[in-house]
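>
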Amino acid sequence: MPMRLRLAIHGKRNDRIFHLVAINQRARRNAKPTELLGIYDPRVKPGGPEHKTMEWSVGRIRYWLSVGAIPTTSVVKLLELGNILKPGSPYHPKSSPLPKTAIPLSQIKEDSTQNTDTLL
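For reference, each letter of the sequence shown is one residue, going 1 to 120 in UniProt numbering.
#1: Kindly give me the distance between the Cβ atoms of L5 and L37, rounded to whole angstroms, as I take these residues to be in contact under 8 Å.
#2: Compare the C-alpha of H10 against each of M3, P42, A27, T34 and name the closest.
#3: Just reading off the beta strand (DSSP E) that R28 is part of, what are its end residues?
#4: Specify the secondary structure class of I17 as computed by DSSP and reduced to three states.
#5: Considering only the alpha carbon of each residue, which of T73, L79, Y91, G47 lies closest to G59?
#6: Do you know offhand how far N30's Cα is from P46's?
#7: From the DSSP output, in three-state form, read off residue 123 for me.
#8: Taking just the CA atoms, how far does K52 sit from R16?
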């Protein structure tokens, strides 16, 4: 069963909170999760803490990552802000390696100059 770490939305329309959950990737967004890993409250409440709050179980998040659960991009950003994942982690969308069929840029430049010569 392929697992994902993703956010489930809860709360009223203008007062949302997000639960960080481990869930089957084929399940609905707010389906019953396998495990609740944390709660993210993006709102700054008057009279409360003057910052966004995130409560999570670091050990369980690392466990799910170790058994192959794939986090969504928004979860990767939160985990990087919390120093659970390093910025250059393989889950980061910008650090994905080139496909195995990719051609090096130097070859593309050489091929493109040869093609223009033959076209003229």
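The C-beta atom is built at its ideal place from N, Cα and C for all residues, glycine as well.
Once the coordinates are examined:
#1: 7 Å
#2: P42
#3: Unbroken run through R28: none, as it is neither H nor E.
#4: strand
#5: L79
#6: 28 Å
#7: Not covered by the structure: residue 123. The range shown for the chain is 1 to 120.
#8: 12 Å
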